[in-house]
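Chemist: Under this note's numbering, the sequence shown has 189 at position 62, and the numbering climbs by one with no breaks. Using N, Cα and C, we set each Cβ at its ideal position, and we do this for glycine too. On a predicted model such as this, the values are computed, not experimentally measured, just so you know. The structure that follows is given in the form of structure tokens.
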Amino acid sequence: MSSNFSRFPPNSTQGNHQDDHVEHQCYCPAHLDLSAPKDSVADWVGSGKPLHQGEFISLVTFKDGTSTILHNGCGGSAIRFALEACEREVEEEVIGHITREAMETAGIYEEYKKTFGETVSVRFGALNPTGQFYPIMEGGDEFQFDRDTNTCETLITDFQQFIRSLTFDPVALSEATAWEEEWEDSHPSENEDDSSEYDSSEHESGEEEE
């Protein structure tokens, strides 16, 4: 993981020093206050959605070798958006219910698209109690983006098909569920209040929106 603040979003490991139980934050626009721009990428640190043990996550690796973690379907949505050849309309939704206009107001639209356009691979799994990636899928859980032999359009299609093909390993899923229940029992107030505007429920069964 990198602490480089030269690009948006910040790395998921940044901004979690206030809670020893939180190893990562998801900096998907759906979890951020987009009402005004920040002076720098570093100013966004600590404003993401805290990720806790047992949560479903996307581990995204970029072409420079660095990687970051996002909440469940946020990673897939970010990558698909970045691969699109056409530009979204101002009022069009980009990530969940977040529009291009909202992202441009916050000054992150172009940088977010550029950053995730450099994705080389993504894995889908869960977060273990020490903040590491934990595999919960049967078979392969990683999709690699080969831009040398594929167009952006075929990559999007293949990526969506890959997500739909994912199936849970029952034993690993049970372990991740137990971790999440343990966290929820010890953080009841945090579990009751989730202000995210992004509904990722369709991704929890291994599906991706069209």
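Does the distance from the C-beta atom of Val-247 to that of Phe-272 stay below 9 Å?
Modeler: Yes.
Chemist: Mind listing, in chain order, the continuous alpha helix (DSSP H) runs of no fewer than 4 residues lying wholly within the segment 179-256?
Modeler: 200-210, 227-232, 236-243
Chemist: Going by CA-CA distance only, name the one from Cys-201, Gly-192, Asp-285 that's closest to Ile-184.
Modeler: Cys-201
Chemist: Per the DSSP calculation, Cys-153 is bridged to which residue(s)?
Modeler: Lys-176
Chemist: Assign Gln-288 to one of three DSSP states: helix, strand, or coil.
Modeler: Of the three classes helix, strand and coil, the one that applies to Gln-288 here is helix, per DSSP.
Chemist: Applying the 10 Å Cβ sphere with the 16-neighbour rule, what's the burial state of Arg-291?
Modeler: exposed
Chemist: Rounded to whole angstroms, how far is the Cβ of Leu-159 from the Cβ of Ser-174, which I believe are closer than 8 Å?
Modeler: 6 Å
Chemist: Check the C-beta distance from Phe-260 over to Leu-197 and give it rounded, since I have them as a contact under 8 Å.
Modeler: Phe-260 to Leu-197, Cβ: 12 Å. No contact.
Chemist: If distances are taken between C-alpha atoms only, which option among Thr-193, Gly-267, Thr-232 comes closest to Arg-134?
Modeler: Thr-193
Chemist: Just grab the DSSP bridge partners of Glu-269 for me.
Modeler: Arg-250
Chemist: Alpha carbon to alpha carbon, how far is Glu-245 from Lys-190?
Modeler: 6 Å
Chemist: Spell out a yes or no on whether the segment 161-176 and the segment 227-246 are touching, meaning 3 or more CB-CB pairs, one atom from each, closer than 8 Å.
Modeler: Enough Cβ pairs lie closer than 8 Å, so yes.
Chemist: Taking the alpha-carbon positions, what's the Ser-301 to Asp-170 distance?
Modeler: If you take the alpha carbons of Ser-301 and Asp-170, they lie about 37 Å apart.
Chemist: With H, G and I counted as helix, E and B as strand and the rest as coil, what does DSSP make of Ser-332?
Modeler: Because Ser-332 sits at a pLDDT of 40, beneath the cut-off of 50, its placement in the model cannot be relied upon, and the following sentence gives the value as read from the coordinates. For Ser-332, the secondary structure class from DSSP, reduced to helix, strand or coil, is coil.
Chemist: Cβ of Glu-307 within 9 Å of Cβ of Gly-181?
Modeler: Judged by their CB atoms, Glu-307 and Gly-181 are nearer to each other than the 9 Å cut-off.
Chemist: Roughly how many angstroms separate the alpha carbons of Glu-238 and Glu-311, rounded to a whole number?
Modeler: 34 Å
Chemist: Quick one: what's Phe-260 bridged to in DSSP?
Modeler: DSSP output for Phe-260 lists Leu-254 as bridge partner(s).
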